[in-house]
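Student:
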Amino acid sequence: MSGPAPASTTARRALQRCDELAAISSMPGGVERVHLSPEHARANAVAAGWMAQAGLATWQDQAGNQWGRLEGREPGLPSLVLGSHLDTVSDAGRYDGVLGVVSAIEVAHRLRERADELPFALEVVAFSDEEGTRFATALMGSRAVAGQWDQDWWERADADGVTVREAALAFGLDPARVGEAARRPADLAGYLELHIEQGPQLESAGRALGVVTSIAGARRFTGHVRGEARHAGGTPYPRRRDALVAAADVVLAVERLAVELGGIATVGRLQAFPGGVNVVPGLVEFSLDVRAERDADRDDLVERVRAHGEAVSRARGTTFELVETHSAPGVACDGLLSASIAEGIAATGDADPVRLWSRAGHDAMAMAAITPVAMLFVRCEDGISHAPGEDVTLGDVARGIDAFEAAVHDVARRRR
Ligand code: HGY
Ligand code: MN
Ligand code: MN
Numbered sequence: 202m203s204g205p206a207p208a209s210t211t212a213r214r215a216l217q218r219c220d221e222l223a224a225i226s227s228m229p230g231g232v233e234r235v236h237l238s239p240e241h242a243r244a245n246a247v248a249a250g251w252m253a254q255a256g257l258a259t260w261q262d263q264a265g266n267q268w269g270r271l272e273g274r275e276p277g278l279p280s281l282v283l284g285s286h287l288d289t290v291s292d293a294g295r296y297d298g299v300l301g302v303v304s305a306i307e308v309a310h311r312l313r314e315r316a317d318e319l320p321f322a323l324e325v326v327a328f329s330d331e332e333g334t335r336f337a338t339a340l341m342g343s344r345a346v347a348g349q350w351d352q353d354w355w356e357r358a359d360a361d362g363v364t365v366r367e368a369a370l371a372f373g374l375d376p377a378r379v380g381e382a383a384r385r386p387a388d389l390a391g392y393l394e395l396h397i398e399q400g401p402q403l404e405s406a407g408r409a410l411g412v413v414t415s416i417a418g419a420r421r422f423t424g425h426v427r428g429e430a431r432h433a434g435g436t437p438y439p440r441r442r443d444a445l446v447a448a449a450d451v452v453l454a455v456e457r458l459a460v461e462l463g464g465i466a467t468v469g470r471l472q473a474f475p476g477g478v479n480v481v482p483g484l485v486e487f488s489l490d491v492r493a494e495r496d497a498d499r500d501d502l503v504e505r506v507r508a509h510g511e512a513v514s515r516a517r518g519t520t521f522e523l524v525e526t527h528s529a530p531g532v533a534c535d536g537l538l539s540a541s542i543a544e545g546i547a548a549t550g551d552a553d554p555v556r557l558w559s560r561a562g563h564d565a566m567a568m569a570a571i572t573p574v575a576m577l578f579v580r581c582e583d584g585i586s587h588a589p590g591e592d593v594t595l596g597d598v599a600r601g602i603d604a605f606e607a608a609v610h611d612v613a614r615r616r617r
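Counting in this note's numbering, the sequence shown tops out at residue 617, every number present.
1. Since residue 248 and residue 327 are thought to touch, with beta carbons under 8 Å apart, how far apart are those beta carbons, to the nearest angstrom?
2. Would you report the Cα separation of residue 527 and residue 440, rounded to the nearest angstrom?
3. Would the beta-carbon of residue 586 be found less than 8 Å away from any heavy atom of ligand 2?
4. Taking DSSP as the reference, what is the three-state secondary structure of residue 438?
5. For residue 399, verify whether its CB is less than 8 Å away from any heavy atom of ligand 2.
6. Quick one: give me the first and last residue of the alpha helix (DSSP H) that residue 490 is part of.
7. Please confirm if the stretch 471-490 is in contact with the stretch 428-436, defined as three or more CB-CB distances below 8 Å between the two stretches.
8. Which whole-angstrom value is the C-beta distance of residue 574 and residue 535, which I expect to be below 8 Å?
9. State the start and end residues of the unbroken alpha helix (DSSP H) segment that holds residue 315.
10. Any residue with its Cβ nearer than 5 Å to a heavy atom of ligand 1 should be included. What is that list in chain order?
11. Taking the Cβ atom as the reference point for each residue, do residue 590 and residue 597 lie within a distance shorter than 9 Å?
12. Closer than 5 Å from C-beta to any heavy atom of ligand 3: which residues, in chain order?
13. Determine the closest residue to residue 423 out of 610, 338, 324 and 519, with distance taken between C-alpha atoms.
14. Check whether the Cβ of residue 290 lies closer than 8 Å to any heavy atom of ligand 2, and answer yes or no.
15. Taking the beta carbon of residue 317 as the centre, do at least 16 other beta carbons fall within 10 Å, making it buried, or is it exposed?
16. Can residue 237 and residue 371 be called in contact, C-beta distance under 9 Å?
17. Can you tell me which of the three DSSP states residue 225 falls into?
18. I need the boundaries of the alpha helix (DSSP H) containing residue 522, first residue and last residue.
19. Does the beta-carbon distance from residue 529 to residue 562 come in below 9 Å?
20. Counting beta carbon pairs with one atom in the stretch 292-310 and one in the stretch 340-350, are three or more of them shorter than 8 Å?
21. What do you get for residue 311, buried or exposed, if any count of 16 or more other CB atoms within 10 angstroms of its CB means buried?
22. Going straight from the alpha carbon of residue 451 to that of residue 419, what length do you get?
23. Which one of 512, 540 and 557 has the shortest CA to CA distance from residue 608?
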């Protein structure tokens with residue numbers, strides 16, 4: 202067969218590859234692939250094989266990101282980078298991040314015969330840590346590429362007490378060389394990311410694809426409510442300092458305040474200690490994730506939650522504390538690159554694509570520190586994500602890959 206493969210063939214292969222990656226999991230019967238794990242190494246190796254098949258020169262950087270590169274009309278040109286992440290949340294779906302990586306590889310594959318016409322090199326990147334599942338932070342892979350590696354991260358430990366430094370060494374990385382993962386802005390022409398929407402807006406609008414206008418920056422915290430563990434039978438109510446009852450009040454307020462202020466806030470994890478059926482809980486540890494379209498509104502919401510937690514604790518004789526574990530500023534997508542994404546979608550028959558801001562975080566946020574970024578969203582079934590029910594259709598993926606490829610051609614046309 203000569204010429205590029207038809208859309209449905211490449212889309213079918215992209216979906217098969219999502220299935221193949223889903224099988225690389227540390228969770229029996231589910232999908233979990235975390236930073237610097239054996240599954241991370243296997244997924245990188247598999248992705249590197251696909252990149253090589255697509256004609257890309259491949260390498261893994263010192264932050265565990267997997268790269269591939271196709272030279273443009275002359276060697277050494279700044280690169281247009283297409284990418285997303287291969288790490289997952291626990292009990293994940295099969296498309297968050299992964300669809301963006303396999304679609305980028307398909308686009309590179311289709312362009313390989315014509316790469317000598319491109320006014321940039323084309324690179325594909327599979328980022329190592331977007332979700333922060335293992336070390337309770339996020340974007341470690343893309344932040345390393347953006348030259349924003351935080352030296353404090355080395356001592357961060359996972360649930361088993363393994364630090365990032367120990368995990369990096371076991372993975373075969375040299376912590377002293379993490380700076381080599383950083384890319385220079387002058388070597389980049391931009392960053393484009395295809396991702397499932399992870400919400401229901403495209404589905405509600407009856408559209409397969411959308412242009413992302415901006416990406417909300419999340420702040421994440423580990424919270425503690427401290428009271429006093431005592432006998433569940435013997436301790437009268439006036440003497441109790443029940444950390445879980447105080448925390449429950451905070452959890453309800455998190456939802457109420459988020460709705461009131463137009464933000465989004467979630468307590469996704471909560472644990473009571475010592476955890477005995479006949480012991481008043483003396484300590485609660487919980488997570489808090491806060492987002493809004495504008496950073497100022499998000500920060501306001503954080504302070505309102507903190508004030509509520511402190512007030513509840515004063516009334517109940519407990520203490521309340523929020524320690525920040527992750528903070529990313531919101532990011533605006535680049536106007537010109539977004540125009541290319543819109544042109545790409547238009548080439549698939551939707552002349553006036555939906556524009557929406559991303560409630561979810563993406564590697565593009567980190568990349569925006571060193572190069573202009575834009576994103577293409579693909580509709581997902583019922584808006585479900587971060588859950589095994591994540592789903593997409595073959596038709597939407599075919600359109601997404603076509604639009605992604607057409608967007609790359611449009612960027613090339615504008616740079617000539
Ligand atoms: O949580 C997020 O927004 C991203 O999917 N990691
Ligand atoms: Mn995710
Ligand atoms: Mn993602």
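Note that CB positions come from ideal geometry on N, CA and C, so glycine has one too. All of these numbers come straight from a predicted model, not from anything done at the bench.
Tutor: Walking through what the data contain:
1. 5 Å
2. 36 Å
3. yes
4. helix
5. yes
6. It is not in any alpha helix (DSSP H) - residue 490 instead sits in the beta strand (DSSP E) that spans 484-492.
7. yes
8. 6 Å
9. Segment: none, residue 315 is in no alpha helix (DSSP H) and carries neither H nor E.
10. 332, 561 and 562
11. no
12. 297 and 298
13. 338
14. yes
15. exposed
16. yes
17. coil
18. Looking at the DSSP string, residue 522 is not in any alpha helix (DSSP H); the run it does join, the beta strand (DSSP E), is 520-528.
19. yes
20. no
21. buried
22. 19 Å
23. 540
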